[in-house]
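**Q**
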Amino acid sequence: MEKQQYRVMLTGGGSGGPTTPLLGLVETLEEVEEISCEFLFLGTFRGPERSMVEDCGVPFHAIPAGK
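Pasting the structure below:
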């Protein structure tokens with residue numbers, strides 16, 4: 203049986219608060235054997251989310267964000 207394939211875009215930034223549960227979601231989806239997911243995380247240039255996301259092996263792209 204062929205796996206269903208998904209592209210998943212995640213976003214959050216400025217602090218680790220919104221990022222942590224999203225990385226938990228990535229981990230959970232990667233454990234589901236019936237699906238295959240390609241992830242991309244959009245975050246801020248200066249927030250801590252970049253290192254958190256990249257440490258988990260998820261591609262990261264920074265976008266401008268104001269306060």
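With the sequence shown counted from 1, adding 202 to any position gets you the numbering used here. Ideal Cβ placement from N, Cα and C applies to all residues, glycine included.
Measure the CB-CB distance between L227 and V255 and report whether it falls below 8 Å.
**A** No, the pair does not count as a contact, with Cβ atoms beyond the cut-off.
**Q** May I ask you to report which of helix, strand or coil DSSP gives V234?
**A** In the structure shown, V234 sits in coil (DSSP, three-state: anything other than H, G, I, E or B).
**Q** So the candidates are L212, G219 and V210; which of them puts its Cα closest to the Cα of P250?
**A** When each option's Cα is compared against that of P250, the closest is G219.
**Q** With H, G and I counted as helix, E and B as strand and the rest as coil, what does DSSP make of R252?
**A** Helix.
**Q** G226 by DSSP, collapsed to three states: which one?
**A** Three-state result, G226: helix.
**Q** Between the Cα of C239 and the Cα atoms of P223, H263, E229 and G245, which residue gives the shortest distance?
**A** Comparing Cα-Cα distances from C239 to each of P223, H263, E229 and G245, the minimum goes to E229.
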